[in-house]
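Student:
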Amino acid sequence: MKLAVPETKSPDKTSSVLGKMFRQNIQTYAIILALIFIWIFFAFLTDGNYLKAQNFSNLFRQMTVTAFLAIGMVLVIVTGNIDLSVGKLAGFVSVVVAYFQATIWTRVLPDQALAAATLSVFIGVAVGALFGVLQGYIISFLNVPSFIVTLGGMFVLNGAILLVTQGKTIPANQPYFSVIAQGYLPVAAGWILASLVVVYLYFNMFRSRQKKRAHGFVLSNIYLDLALTTFFAILVVGYVYIVNQYNGVQIPVLLLAITSVIISYMANNTRFGRYAYAIGGNRDAARLSGINIRNNIFYVFVLMGLLSGIAGVVLASYVGYGTIAAGQGYELDAIAAAILGGTSTLGGVGTIWGALIGALIMSSLSNGLQLLNVAPSWQYLLKGLVLVLAVYADVTFKKRG
Amino acid sequence: MNDDIILDIQNVTKKFPGVTALSNVSMKVQRGEIHGLCGENGAGKSTLMKILSGVYPYGTYEGEVFYNGEELRLEHSSIRHANELGISIVHQELTLVPSMTVGENVYLGKEPVEKKSINWNKLYSDTDKILARYNLDVKSQAVVRTLGVGKMQMVEIAKALSEDAQVLILDEPTSALNEVEIKKLMEILATLKANGVTIIYITHKLNEFFGITDSVTVLRDGETVTTQPTRNLSEERLVQYMVGRQMKERFPKGNRQPGEVIFEVEDLCAEDPSDPSRMVVNGVSFTLRQGEILGIAGLMGSGRTELVTTIFGEYGKVTSGRLILEGRDLKINSARDAIEHGISLVPEDRKGQGLVLMQSILKNISLPNLNQFAGVFSLDKDAELEASLYQAKSLAIKAPNLQVSCNTLSGGNQQKVVIAKWLMSRPKILIMDDPTRGVDVGAKYEIYKLMNELAERGVSIIMISSELEEVLGMSDRVMVMHDGRSNGTLDVATATQEKIMALATGINSHNHTSN
Numbered sequence: 001m002k003l004a005v006p007e008t009k010s011p012d013k014t015s016s017v018l019g020k021m022f023r024q025n026i027q028t029y030a031i032i033l034a035l036i037f038i039w040i041f042f043a044f045l046t047d048g049n050y051l052k053a054q055n056f057s058n059l060f061r062q063m064t065v066t067a068f069l070a071i072g073m074v075l076v077i078v079t080g081n082i083d084l085s086v087g088k089l090a091g092f093v094s095v096v097v098a099y100f101q102a103t104i105w106t107r108v109l110p111d112q113a114l115a116a117a118t119l120s121v122f123i124g125v126a127v128g129a130l131f132g133v134l135q136g137y138i139i140s141f142l143n144v145p146s147f148i149v150t151l152g153g154m155f156v157l158n159g160a161i162l163l164v165t166q167g168k169t170i171p172a173n174q175p176y177f178s179v180i181a182q183g184y185l186p187v188a189a190g191w192i193l194a195s196l197v198v199v200y201l202y203f204n205m206f207r208s209r210q211k212k213r214a215h216g217f218v219l220s221n222i223y224l225d226l227a228l229t230t231f232f233a234i235l236v237v238g239y240v241y242i243v244n245q246y247n248g249v250q251i252p253v254l255l256l257a258i259t260s261v262i263i264s265y266m267a268n269n270t271r272f273g274r275y276a277y278a279i280g281g282n283r284d285a286a287r288l289s290g291i292n293i294r295n296n297i298f299y300v301f302v303l304m305g306l307l308s309g310i311a312g313v314v315l316a317s318y319v320g321y322g323t324i325a326a327g328q329g330y331e332l333d334a335i336a337a338a339i340l341g342g343t344s345t346l347g348g349v350g351t352i353w354g355a356l357i358g359a360l361i362m363s364s365l366s367n368g369l370q371l372l373n374v375a376p377s378w379q380y381l382l383k384g385l386v387l388v389l390a391v392y393a394d395v396t397f398k399k400r401g
Numbered sequence: 402m403n404d405d406i407i408l409d410i411q412n413v414t415k416k417f418p419g420v421t422a423l424s425n426v427s428m429k430v431q432r433g434e435i436h437g438l439c440g441e442n443g444a445g446k447s448t449l450m451k452i453l454s455g456v457y458p459y460g461t462y463e464g465e466v467f468y469n470g471e472e473l474r475l476e477h478s479s480i481r482h483a484n485e486l487g488i489s490i491v492h493q494e495l496t497l498v499p500s501m502t503v504g505e506n507v508y509l510g511k512e513p514v515e516k517k518s519i520n521w522n523k524l525y526s527d528t529d530k531i532l533a534r535y536n537l538d539v540k541s542q543a544v545v546r547t548l549g550v551g552k553m554q555m556v557e558i559a560k561a562l563s564e565d566a567q568v569l570i571l572d573e574p575t576s577a578l579n580e581v582e583i584k585k586l587m588e589i590l591a592t593l594k595a596n597g598v599t600i601i602y603i604t605h606k607l608n609e610f611f612g613i614t615d616s617v618t619v620l621r622d623g624e625t626v627t628t629q630p631t632r633n634l635s636e637e638r639l640v641q642y643m644v645g646r647q648m649k650e651r652f653p654k655g656n657r658q659p660g661e662v663i664f665e666v667e668d669l670c671a672e673d674p675s676d677p678s679r680m681v682v683n684g685v686s687f688t689l690r691q692g693e694i695l696g697i698a699g700l701m702g703s704g705r706t707e708l709v710t711t712i713f714g715e716y717g718k719v720t721s722g723r724l725i726l727e728g729r730d731l732k733i734n735s736a737r738d739a740i741e742h743g744i745s746l747v748p749e750d751r752k753g754q755g756l757v758l759m760q761s762i763l764k765n766i767s768l769p770n771l772n773q774f775a776g777v778f779s780l781d782k783d784a785e786l787e788a789s790l791y792q793a794k795s796l797a798i799k800a801p802n803l804q805v806s807c808n809t810l811s812g813g814n815q816q817k818v819v820i821a822k823w824l825m826s827r828p829k830i831l832i833m834d835d836p837t838r839g840v841d842v843g844a845k846y847e848i849y850k851l852m853n854e855l856a857e858r859g860v861s862i863i864m865i866s867s868e869l870e871e872v873l874g875m876s877d878r879v880m881v882m883h884d885g886r887s888n889g890t891l892d893v894a895t896a897t898q899e900k901i902m903a904l905a906t907g908i909n910s911h912n913h914t915s916n
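Listed in order, the protein sequences are those of chains S and A.
Counting in my numbering, the first sequence runs from 1 upward without gaps.
Counting in my numbering, the second sequence runs from 402 upward without gaps.
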């Protein structure tokens with residue numbers, strides 16, 4: 001292979017930016033195409049009901065619990081680990097939160113609904129994070145493989161769920177608390193939010209160009225940058241437009257979006273994130289580069305626990321009670337979403353945004369099949385097939401490329 | 402003496418893209434002899450043995466190989482074809498499955514089958530027969546993991562012999578063995594010879610040829626130098642044959658003025674993590690001056706890589722010794738400690754340890770240096786790119802941009818990325834373990850120039866090299882390692898390839914010279 005002499009001041013060759021972006025993110029684009037195909041397919045079969053505002057709004061709301069787990073799972077898998085306990089951890093958090101609301105706050109904080117709801121959230125997230133600390137410690141400092149630790153964790157949590165619930169269903173439908181997964185922003189607020197995001201997108205684009213200029217880099221084509229920014233702006237505005245036709249921007253989706261931005265930023269723009277990818281890409285090279293592998297993996301599991309805690313709180317608010325079956329099988333949905341979104345099971349590769357789209361595909365399938373009254377047996381069958389097919393397509397595509 | 406030739410290699414040439422590994426090699430092996438094969442690292446020994454064992458099958462090389470008087474035509478499809486014909490090889494690295502028994506390993510892939518199921522009784526009794534016939538002291542039902550390295554080596558030999566081998570090739574079988582185990586191995590080889598097995602014996606330890614071989618062939622730069630009866634040879638003669646060539650002007654002349662001693666290693670000892678009874682670094686002491694290039698020569702298995710990874714805090718257990726940098730004692734327990742003290746390591750295995758291959762040049766260069774760009778919550782990516790571009794430019798890394806992933810780069814460019822990442826950390830001491838291995842000539846020259854520049858700027862360099870020319874061409878002093886020890890340090894003005902090779906092969910290990 002012949003390689004050209006570097007244009008040292010040019011990080012990218014403007015002319016080939018689009019082509020390169022496409023090649024680098026080929027799986028992301030393939031998965032977006034798959035998502036659009038699934039939407040059109042179900043819209044066709046349901047006479048358009050599938051993409052009507054109400055169902056569209058529900059579709060996104062339904063994916064949130066899995067998506068919180070999936071974005072954490074990306075980092076876990078990227079470091080070459082796995083977490084099988086996240087479903088049960090979210091379930092455990094949901095019953096703990098329900099338990100506090102049903103039996104403790106009513107005694108300790110009667111008539112202080114807002115404080116009770118807030119405390120519930122904190123306790124839920126803290127329980128998740130603490131369990132992450134425990135599992136992370138065993139995995140990184142006691143050297144027990146994550147597969148084993150989290151498999152054990154899954155059993156432990158299942159037992160803990162039974163202990164807390166005593167086999168009964170506990171209600172968690174206090175009004176303030178319900179807002180978390182069932183609330184909507186007022187229509188006007190949605191529009192204000194959308195405008196702010198759009199302004200920020202353009203502002204960020206110009207600021208980034210300015211910084212690059214200050215460093216003396218050759219800038220990419222301004223029209224190209226504008227086109228890309230405008231594309232994302234249209235997505236945001238379009239989304240808000242559609243959900244505003246129904247009840248408005250869904251609170252859980254807003255929470256998910258904020259969390260995703262934070263986690264994605266951590267993955268790409270902090271040492272923590274960069275080290276995680278390096279560890280998964282080549283553990284020896286990372287070690288010889290002076291990276292503290294144990295600490296990094298520990299914090300990845302703490303973060304996963306924290307996100308499981310958030311997922312558990314949203315779950316409790318979403319269903320309105322804590323049950324013994326809470327979170328059952330969610331870990332597999334989360335792993336599937338991450339892998340659909342391009343996370344490599346070999347480690348080192350994966351994006352938060354990909355996992356979000358993966359989670360959206362999973363919920364789009366469930367939602368569409370439910371709308372068509374397809375039996376659950378077939379829903380599982382189809383989800384499994386889609387997962388294997390998607391990875392198979394990716395493997396063959398990459399081999400040819 | 403053309404009585405009974407079992408293996409006759411005639412004018413074999415093997416080319417790889419850009420390199421001729423073997424050029425017109427000829428070699429005759431007589432039936433029933435032990436035939437030694439020696440040469441420097443990269444002389445072509447392994448390539449030749451890979452042709453005999455079918456790794457490079459018939460048609461992928463030029464020239465002819467006659468085996469028992471017929472041309473050897475090993476098939477592409479079956480790596481076991483050579484085995485079936487009676488040529489077996491014991492590789493340098495052990496190829497056993499540790500969790501299986503000796504018998505299962507010996508018959509792995511060729512288990513005796515009866516009515517589609519494995520006949521375990523036959524498998525174990527056949528294994529016992531082989532073990533007994535060649536006087537191998539292992540039990541067929543023992544699990545390999547529980548055996549020492551010496552016994553594992555015996556299992557490897559038994560595995561090779563299970564196919565009624567006529568020719569047995571041993572590739573550096575003693576590199577991981579201790580004295581007692583080596584002695585035992587020699588006895589086994591004598592038994593094999595008495596049983597009519599022809600043996601090709603490859604080793605870097607020249608003294609081993611004299612106890613056991615009947616004749617020795619020397620390869621150099623992919624060519625046959627000579628084949629002679631062992632009784633006509635001496636270690637000194639062998640060394641001359643191995644290195645006898647002219648130095649060419651391949652090394653840029655630096656203008657170095659090494660300063661004061663900044664780094665001292667005193668009596669460093671480290672154990673083999675998998676075998677605590679074996680000291681891989683055994684009482685090594687040396688000094689390093691500012692702006693000096695210290696070459697470390699030594700054959701594979703001499704402990705040179707283990708020495709530098711020990712200094713870098715990433716090898717097994719250090720049992721004793723001191724590291725003194727600028728007059729202060731260092732405690733180095735991990736790569737992180739070493740980097741903080743200004744010591745960097747360009748590792749031997751570029752792809753396995755130097756780079757995250759799937760990641761971009763940019764991310765690889767900045768990986769150990771992210772602290773330089775870290776704010777409270779974020780990384781200054783523009784500064785990262787600017788600093789990486791500076792390194793990429795000064796090392797002339799050839800790539801369209803820094804977003805290119807490292808697995809698309811040539812060996813030389815990959816090595817430059819590894820060097821760039823360590824230069825960005827501004828080391829006081831740069832350790833380079835075989836920095837030009839697998840690098841083409843042009844990139845080699847650039848790496849040499851860079852080393853000179855760094856040394857002139859006051860960076861001290863420790864360079865391990867397998868090429869004697871490189872050691873002599875680049876170093877100010879050369880420390881020669883043998884068997885985990887420093888066997889002497891030579892000033893480059895008086896050093897010769899012969900002197901280095903003599904120290905490296907352990908000829909005068911009794912009159913220990915040290916600096």
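Think of the CB as a built atom: it goes at the ideal place given N, C-alpha and C, for glycine as much as any other residue.
Quick one: what does DSSP say K416 of chain A is sitting in, helix, strand or coil?
Tutor: For the purposes of this step, residue 416 of chain A is identified with residue 15 of the second sequence, where counting begins at 1. Strand, per DSSP.
Student: Taking only beta-carbon positions, decide if V640 of chain A is within less than 8 Å of chain S.
Tutor: In the second sequence, the residue the question calls residue 640 of chain A occupies position 239. Closer than 8 Å: no.
Student: Determine the contact status of V840 of chain A and I848 of chain A, defining contact as a CB-CB distance below 8 Å.
Tutor: Looking up residue 840 of chain A in the second sequence gives position 439. Looking up residue 848 of chain A in the second sequence gives position 447. Their beta carbons are under 8 Å apart, which means V840 of chain A touches I848 of chain A by this criterion.
Student: I need the DSSP call for D394 of chain S, collapsed to helix, strand or coil.
Tutor: On the first sequence, position 394 is the one that residue 394 of chain S refers to. It is helical.
Student: Report, in whole angstroms, the separation of the C-beta atoms of A316 of chain S and I71 of chain S, which I expect to be a contact under 8 Å.
Tutor: On the first sequence, position 316 is the one that residue 316 of chain S refers to. On the first sequence, position 71 is the one that residue 71 of chain S refers to. In fact, because the Cβ distance is near 19 Å, the residues do not count as touching under 8 Å.
Student: Quick check on the burial criterion: 16 or more other C-beta atoms within 10 angstroms. Buried or exposed for M701 of chain A?
Tutor: Mapped onto the second sequence, residue 701 of chain A falls at position 300. Exposed, because fewer than 16 other Cβ atoms sit within 10 Å of the Cβ of M701 of chain A.
Student: Give the interface partners of V840 of chain A over in chain S, defined as CB-CB distance under 8 Å, in chain order.
Tutor: Sequence index remark: in the second sequence, residue 840 of chain A carries index 439 (1-based). In chain order: nothing, as chain S lies at least about 15 Å away.
Student: Ignoring anything shorter than 4 residues or poking outside the region 768 to 824 of chain A, list the alpha helix (DSSP H) runs there in chain order.
Tutor: For the region 768 to 824 of chain A, whole alpha helix (DSSP H) runs of length 4 or above, ordered along the chain, are 782 to 795, 812 to 824.
Student: Among residues of its own chain, excluding the 5 on either side of I600 of chain A, which ones have a beta-carbon nearer than 8 Å to its beta-carbon?
Tutor: Looking up residue 600 of chain A in the second sequence gives position 199. Contacts found: E434, I435, H436, V568, L569, I570, L571, L590, L593, K594.
Student: So A98 of chain S and G329 of chain S are supposed to be a Cβ contact under 8 Å. How far apart are they, rounded?
Tutor: On the first sequence, residue 98 of chain S is found 98 positions in, with the first residue counted as 1. On the first sequence, residue 329 of chain S is found 329 positions in, with the first residue counted as 1. Wrong, their Cβ atoms sit about 19 Å apart, outside the cutoff.
Student: Are the C-beta of G755 of chain A and some C-beta of chain S separated by less than 8 Å?
Tutor: Within the second sequence, the letter at position 354 stands for residue 755 of chain A. Yes, G755 of chain A counts as interfacial toward chain S.
Student: If you run the structure through DSSP and keep just helix, strand and coil, what is L150 of chain S?
Tutor: Here residue 150 of chain S corresponds to residue number 150 of the first sequence, with the count starting at 1. Residue identity differs from the one stated: residue 150 of chain S is Thr in this sequence, not Leu. Three-state result, T150 of chain S: helix.
Student: Expressed to the nearest angstrom, what Euclidean distance is found between the alpha-carbon atoms of F41 of chain S and L365 of chain S?
Tutor: Taking the first sequence and counting its residues from 1, one reaches residue 41 of chain S at position 41. Taking the first sequence and counting its residues from 1, one reaches residue 365 of chain S at position 365. Their Cα atoms are separated by approximately 10 Å.
Student: Using the rule of at least 16 other Cβ atoms within 10 Å of the residue's Cβ for burial, across every protein chain shown, is L796 of chain A buried or exposed?
Tutor: Residue numbering aside, residue 796 of chain A sits at position 395 when the second sequence is read from its first letter. The residue in question, L796 of chain A, is buried, as its Cβ has 16 or more Cβ neighbours within 10 Å.
Student: Assuming contact is defined by CB atoms lying nearer than 8 Å, are I263 of chain S and I352 of chain S in contact in what I supplied?
Tutor: Here the question's residue 263 of chain S lines up with position 263 in the first sequence. Here the question's residue 352 of chain S lines up with position 352 in the first sequence. Yes. Within cutoff.
Student: Run down chain A in chain order and give the residues with a C-beta less than 8 Å from the C-beta of G384 of chain S.
Tutor: Position 384 of the first sequence holds residue 384 of chain S. Those within 8 Å of G384 of chain S in chain A number zero; the least Cβ separation is about 28 Å.
Student: Within a Cβ cutoff of 6 Å, which residues of the same chain sit near Y176 of chain S, ignoring the five residues on either side of it in sequence?
Tutor: Residue mapping note: residue 176 of chain S aligns to position 176 of the first sequence, counting from 1. So the list reads A113, L114, A117, once near-sequence residues are dropped.
Student: For the 8 Å Cβ check, are there 3 or more pairs between the region 82 to 94 of chain S and the region 138 to 158 of chain S?
Tutor: They touch, by the three-pair rule.
Student: Cβ of E868 of chain A less than 8 Å from any chain S Cβ?
Tutor: Looking up residue 868 of chain A in the second sequence gives position 467. Closer than 8 Å: no.
Student: Measuring CB to CB, does L780 of chain A end up less than 8 Å from L771 of chain A?
Tutor: As a working mapping, residue 780 of chain A is identified with position 379 in the second sequence. As a working mapping, residue 771 of chain A is identified with position 370 in the second sequence. Result yes, Cβ atoms of L780 of chain A and L771 of chain A sit closer than 8 Å.
Student: Under 8 Å between C-beta atoms, does L768 of chain A make it to chain S?
Tutor: By 1-based counting over the second sequence, the position of residue 768 of chain A is 367. It does: the Cβ of L768 of chain A has a partner Cβ on chain S nearer than 8 Å.
Student: So, do the region 43 to 55 of chain S and the region 101 to 110 of chain S have three or more beta carbon pairs nearer to each other than 8 Å?
Tutor: Not touching, per the Cβ criterion.
Student: Where does H482 of chain A fall in DSSP's three states?
Tutor: Residue mapping note: residue 482 of chain A aligns to position 81 of the second sequence, counting from 1. H482 of chain A: helix per DSSP, three-state reduction.
Student: P659 of chain A CB to nearest chain B CB: under 8 Å?
Tutor: In the structure shown, chain B cannot be found, because the protein chains are S and A.
Student: Compare the C-beta of I862 of chain A against all C-beta atoms of chain S and say whether one is closer than 8 Å.
Tutor: Along the second sequence, read from residue 1 onward, the residue named residue 862 of chain A stands at position 461. Chain S, which has no Cβ nearer than 8 Å to the Cβ of I862 of chain A, makes this no.
Student: Would you kindly work out how many angstroms separate the C-alpha atoms of E667 of chain A and N295 of chain S, rounded to a whole number?
Tutor: Within the second sequence, the letter at position 266 stands for residue 667 of chain A. Within the first sequence, the letter at position 295 stands for residue 295 of chain S. Straight-line Cα distance between these residues: approximately 32 Å.
Student: Less than 8 Å between the beta carbons of E665 of chain A and R287 of chain S, yes or no?
Tutor: Taking the second sequence and counting its residues from 1, the one referred to as residue 665 of chain A is at position 264. Taking the first sequence and counting its residues from 1, the one referred to as residue 287 of chain S is at position 287. Cβ distance not < 8 Å, so E665 of chain A and R287 of chain S don't count as in contact.
Student: DSSP state of G312 of chain S, grouped into three classes?
Tutor: For the purposes of this step, residue 312 of chain S is identified with residue 312 of the first sequence, where counting begins at 1. It is helical.
Student: For G281 of chain S and chain A, any beta-carbon pair shorter than 8 Å?
Tutor: Along the first sequence, one-based indexing puts residue 281 of chain S at 281. Yes, its Cβ sits closer than 8 Å to a Cβ of chain A.
Student: Smallest Cα separation from F778 of chain A: which of S:L69, S:N269, S:S220, S:Q245?
Tutor: Numbered from its first residue, the second sequence carries residue 778 of chain A at position 377. Of the listed residues, the one whose Cα sits closest to F778 of chain A is S:N269.
Student: Let me see if you follow: with CB-CB separation under 8 Å, is A736 of chain A close to chain S or not?
Tutor: Taking the second sequence and counting its residues from 1, the one referred to as residue 736 of chain A is at position 335. Yes, because at least one Cβ of chain S sits closer than 8 Å to the Cβ of A736 of chain A.
Student: So which residues of chain S does L746 of chain A contact, with C-beta pairs closer than 9 Å?
Tutor: If you number the second sequence from 1, residue 746 of chain A lands on position 345. Neighbours of L746 of chain A on chain S, chain order: L288.
Student: Using CA coordinates, which residue listed in S:I31, S:L307, S:Q182 is at the minimum distance from I258 of chain S?
Tutor: Here residue 258 of chain S corresponds to residue number 258 of the first sequence, with the count starting at 1. Answer by Cα proximity: S:L307.
Student: Out of A:E476, A:M833, A:N608, which one is the CA nearest neighbour of G907 of chain A?
Tutor: As a first step, residue 907 of chain A must be located in the second sequence, where it is residue number 506. Cα-wise, what sits closest to G907 of chain A is A:N608.
Student: Is it right to say K88 of chain S is buried, meaning 16 or more other beta carbons lie within 10 angstroms of its own, or is it exposed?
Tutor: As a first step, residue 88 of chain S must be located in the first sequence, where it is residue number 88. Classification of K88 of chain S: buried, given that the 10 Å Cβ count is 16 or more.
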